[in-house]
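Numbered per my numbering, the sequence shown spans residues 255 to 560.
Glycine is no exception: its CB is placed at the ideal position from the N, C-alpha and C atoms.
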Amino acid sequence: MGKSTKHLNLKTDIYQFFHDLYQLKTNLPCWPNIRWGFCQYIHLHCYLINKEIHYKNYIHMKRILIIISISVFSSLLVYALVNNGEEGEEDARLELAVDVVNYVYKSDRNMTPSVDHSLFEVLQEDFETAHDATAACLSCHNKRHNEIMSTVHWQWERSEEIEGKGVVPLGKKNILNNFCIGVSGSEKTCVRCHIGYGYEDKTFDFNDPNNIDCLVCHDNSGTYEKAKGKAGYPKESVDLNFVAQNVGTPSRANCGVCHFWGGGGNNVKHGDLEIAMLEPSTDVDVHMGIDGEDMSCVECHVTEKH
């Protein structure tokens with residue numbers, strides 16, 4: 255029987271498997287040695303092909319190489335895991351999970367804003383009304399109002415397909431809230447949690463961008479507060495210029511001012527959102543614990559275009 259040429263262009267699954275493993279990146283301390291072993295396997299694999307060894311002998315040799323390679327790989331992997339201990343194993347699992355969501359560790363974060371808003375002349379002008387502050391924001395962020403006004407936060411309604419009922423309108427705008435039920439609707443105090451100004455009744459203009467409240471979500475000064483019974487307008491004591499000059503990514507406090515107080519009181523409506531989440535320990539919340547990763551709400555509840 256003559257020499258077979260099947261092996262000359264043979265691309266076996268096992269070859270591809272080891273090649274992919276060679277390209278894998280990990281923090282295991284012995285990984286360089288494992289990579290070196292993969293490299294030698296690939297080189298020997300190519301050597302056997304170039305020498306045009308008889309196909310049956312090639313298959314036999316390949317089986318031996320596979321067994322040896324798997325044995326070496328398994329031994330090194332067990333050694334690495336044992337020497338890493340529980341902490342190393344946990345770090346490896348965490349690294350895998352983090353890669354999926356593209357998470358940035360607390361130690362690697364740069365929370366400094368990319369711009370200093372206090373230097374903008376438009377934010378140094380005296381704002382007579384909250385609408386003036388919004389107009390100043392939109393003078394630079396001149397497309398954001400279109401994004402905001404298409405969100406559930408702004409519209410207070412959304413549509414969802416429900417089995418047997420088709421597409422059904424949902425949200426505060428369409429459903430009777432039997433948690434805070436009353437004879438009258440759109441209470442001026444309740445609409446403090448709308449991201450706008452002046453939502454007193456159904457005549458509110460949802461298409462006027464100057465009705466948007468940018469500061470309630472982006473205030474990083476900790477001084478912004480909406481007044482009770484004023485249909486979403488801030489307290490008169492709020493320095494709108496100071497707040498507008500100190501804005502940034504929404505913090506837990508920005509989200510919590512509405513979500514912690516849903517239903518009219520702290521932790522009333524949701525049962526798992528309350529002011530304890532402002533500066534929790536990891537015993538209270540493993541994600542947002544200030545003695546741990548100190549995550550914010552928007553690190554998981556991410557959105558695009560608001």
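* Asked: Residue range of the alpha helix (DSSP H) that residue 398 falls in?
  -> Counting along the chain, the alpha helix (DSSP H) containing residue 398 begins and ends at 398 to 402.
* Asked: What three-state label does DSSP hand residue 411 in the structure shown?
  -> coil
* Asked: Mind checking whether residue 469 and residue 497 have CB atoms under 8 Å apart?
  -> yes
* Which of helix, strand or coil DSSP assigns to residue 321 -> Reduced to three states, the DSSP call for residue 321 is helix.
* **residue 406 versus residue 324: straight-line alpha-carbon distance, rounded** => Approximately 53 Å, taken between the alpha carbons.
* Going by beta carbon distance, what residues of the same chain come within less than 6 Å of residue 373, once the five residues before and after it are set aside? -> Cβ within range, chain order: n/a, list empty.
* To do: Spatial neighbours of residue 256 within its chain, please: CB distance less than 8 Å, with the 5 preceding and 5 following residues excluded, ordered by chain position.
  => Its pLDDT being 45, under 50, residue 256 is placed unreliably in this model, and the value from its coordinates should be taken loosely. Excluding positions up to five away in sequence, the list is empty.
* To do: Taking residue 466 and residue 399 to be in contact with their CB atoms under 8 Å, please state how far apart those CB atoms are, rounded to whole angstroms.
  => About 6 Å separates the two Cβ atoms, so the contact holds.
* Asked: Taking Cβ to Cβ, would you say residue 543 is nearer than 8 Å to residue 550?
  -> Not closer than 8 Å, so no.
* Asked: Could you give the distance in angstroms between the alpha-carbon of residue 521 and the alpha-carbon of residue 514?
  -> 6 Å
* For residue 482, does the count of other Cβ atoms within 10 angstroms reach 16, so buried, or fall short, so exposed? -> exposed
* To do: Would you mind working out which of 501, 557 and 525 sits nearest residue 367, comparing C-alpha positions?
  => 501
* Using alpha carbons as the reference points, say which of 417, 412 and 416 lies closest to residue 424. => 412
* Which parts of the segment 457 to 544 are runs of the alpha helix (DSSP H), unbroken and 4 residues or longer, counting only runs that do not cross its ends? -> 469 to 472, 494 to 498 and 506 to 513
* Please name the residue, chosen from 388, 490 and 402, that lies closest to residue 558 on a Cα-to-Cα basis. => When only C-alpha atoms are compared, the closest one is 402.
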